[in-house]
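Enquirer: Residue numbering for the sequence shown follows this note's numbering, beginning at 1241 and increasing consecutively. Even for Gly, the Cβ is constructed at its ideal location relative to N, Cα and C. Quick one: this structure, given as C-alpha cells, is what I'll be asking you about.
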Amino acid sequence: MNSTLFKNAKLIEPANDTDMTGWLLVEGAAIKDSGSGSEAPKADRVINCCGNCLAPGIVDIGVKVCEPGERHKESYRSAGLAAAAGGVTTIVTRPDTIPAIDSPETLEFVARRAKEASPVNVLPMAALTKRREGNEMTEIGFLLDAGAVAFTDCDRIVANTKVLTRALTYARSLGALVMGHCQEPGLSEGASATSGKFASLRGIPAVSPMAERIGLERDAAMVEMTGASYHFDQITSSLSLSALERAKNDDLDITAGTSIHHLTLNEFDIADYRTFFKVKPPLRAEHDRQAVVQGIRDGLIDIISSMHTPQDEESKRLPFEEAASGAVALETLLPAALRLYHSGDVTLPGLFRALSLNPSRRLGLNSGTLSKGAPADLILFDPHIPFVLDRWKLRSKSKNTPFDGHKMQGKVLMTFVAGVLEFES
C-alpha cells in the first residue's frame, strides 16, 4: 500500500478537543499514525502542510441532490465536485426529489448514480412516508437493506400522529434513525419570515418561532413514547433550546442540528427582499442566532449542516413570498463556519466536532476523527485566507448562495477521500 506523510500540520482532532502541530501518516485508505514533534516516519509521499490545518473531512447531513427529476439544478457530479472543493468528504442526501426516494428501486438508482459520478462519499436517506405525503410509511426494512442511512420527509411534517407513531415504532424495531423538521405545520404554512416588527414593516407573511418549539415538543413526546432514534435537522430559535435540553436530560435518543445560514445570518439580511436569503425555517432574530451559537458551543446542538438546497434562477427571481426556499452551501459551509472561529465563539476542534465527529457518530461511521484506523477522509485548509465570494465560480449547477459578494476567510487547499486526492486549489 502507498503511504503519505503530512508534516508540519496543525492537527485538528475533535475527539480529543485538541489542535497541535505535528504529523499524520496515511497508509492506503486509512490513517496509520500521528504524532507531535519533528521526528516523523518515512513515507512514499510527503506533503509539507506549512503550518496549515489538517482536519477530518466534513460529514454533511441534509444535502439535496436533484437527481432524479431536476438534474438541471444539481447532479451527483456537480454536487460531489462542490463538496470536495468545500472540504466535505461525505454527503448525506435528502429524499425530497422528484419523485421522492421512497422505494428500494429509486434508492438503488441514486446510489448507483452517486457511485458513478461523485468524487466524495454519498450516503442516501429515504423518505419516511410514501411520496412524503404523511399518510403511509415506507418499506423501512427494504430501504435499510438497499442502503438508506436514515429516514425523513424533510420539510414536510407528518401531521398524522398515528402514522408517525407507527413509523417511529417500526424504525425503532429495526434500529433505524429518523430525522425530522420541527415546525407546527398550520402555523408555519405560507410563512416567509420570522414574525415581529421587522417582518411587519416589510409586509412579509411570517411565523412565530414558537411553531418550531411546538413541533419539537410534539416529536420529543413521540420519541419518548416509541423509543425511536431521532435527529432534529434544524434548531434555529432560542425558544426551542430549553425544550431540547429537557428532552436530552430525559435520556431520549435525540440529537439536534442547525444550518450554517442560521448560525451566520439573521432576519435583517432579508431587508432588500433578496430571495437568496429565503430559507426554511426563515432567518431568525439576532438573539436567536446568538443562542444557537451558544448551543453549538455548549454541545446542546450537536451538528452543523449546510442544508444545501439548489434552486434555479427562475424559482428565485420572483417576489419574496412566492420564491422557492433554500440556498446552496456545500462550498461555503467551511468558510462561513470559520466566522464562528474568527469571532472567538467556537474553537477549531469544537467546530469540527459539530461538522465531522458528531454527524459521523450519529450515523455509526468511524470517520470524523484523526485517530488510528479511521478513514483517510481529510482536508487541509488555511483558516486565514481572505476572499470575496463570487457565486458564478461555485461548482454547484445552481448559484443561489446568500453569501454572494461577501467577504469571507478560510480556504480548502486539499481534500482527500479514502487517501485519494480529490481536490487541490
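What residue range does the alpha helix (DSSP H) around Thr1409 cover?
Expert: From DSSP, the alpha helix (DSSP H) with Thr1409 extends over Thr1401 to Leu1414.
Enquirer: When DSSP builds the beta bridges, which residues end up paired with Glu1253?
Expert: Thr1258.
Enquirer: For Met1547, which three-state DSSP category applies?
Expert: Three-state DSSP puts Met1547 in coil, outside helix and strand.
Enquirer: Determine whether the beta carbon atoms of Thr1401 and Thr1466 lie at a separation below 8 Å.
Expert: No, the pair does not count as a contact, with Cβ atoms beyond the cut-off.
Enquirer: Note down, in chain order, each residue of its chain lying with its Cβ closer than 8 Å to the Cβ of Val1628, except the 5 sequence neighbours on either side.
Expert: So the list reads Gly1645, His1646, Lys1647 and Met1648, once near-sequence residues are dropped.
Enquirer: How about Val1299 and Ser1600: are their beta carbons less than 8 Å apart?
Expert: Yes, they are a contact pair.
Enquirer: What's the C-alpha gap between Arg1453 and Ser1636?
Expert: Roughly 33 Å between the two C-alpha positions.
Enquirer: Does Leu1580 come out as helix, strand or coil in the three-state DSSP assignment?
Expert: Helix.
Enquirer: Since Ile1397 and Pro1425 should fall inside the 8 Å C-beta cutoff, what is the C-beta to C-beta distance between them, to a whole number of angstroms?
Expert: Sure, about 4 Å apart at Cβ, within 8 Å.
Enquirer: Name the DSSP beta bridge partners of Gln1649, please?
Expert: Looking at the DSSP assignment, Gln1649 forms a beta bridge with Pro1626.
Enquirer: Does DSSP put Phe1382 in a helix, a strand or coil?
Expert: If DSSP states are grouped into helix, strand and coil, Phe1382 belongs with the helices.
Enquirer: Taking 8 Å as the cut-off, decide whether the C-beta atoms of Ala1416 and Ile1500 are in contact.
Expert: Not closer than 8 Å, so no.
Enquirer: For Asp1259, which residues from the same chain have a beta carbon less than 8 Å from its beta carbon, with the 5 sequence-adjacent residues on both sides left out?
Expert: If we look at Asp1259 and ignore the five residues flanking it on each side, its Cβ neighbours are Lys1250, Leu1251, Ile1252, Glu1253, Cys1293, Thr1587, Leu1588 and Pro1589.
Enquirer: Return the chain-ordered list of same chain residues with a C-beta closer than 6 Å to the C-beta of Glu1664, the five sequence neighbours on each side being excluded.
Expert: Cβ neighbours of Glu1664 beyond the five flanking positions: Met1654.
Enquirer: Do Ile1510 and Leu1523 have their CB atoms nearer than 8 Å?
Expert: A contact, by the Cβ cut-off of 8 Å.
Enquirer: If contact is defined by three or more beta carbon pairs under 8 Å, each pair taking one atom from either stretch, is the segment 1544–1554 in contact with the segment 1603–1614?
Expert: Touching, no, given that fewer than three Cβ pairs across the two stretches are closer than 8 Å.
Enquirer: Looking only at DSSP bridge pairs, what is Phe1472 linked to?
Expert: Gly1420 and Ala1496.
Enquirer: Cβ atoms of Ala1386 and Glu1571: under 8 Å apart, would you say?
Expert: Contact flag unset, no.
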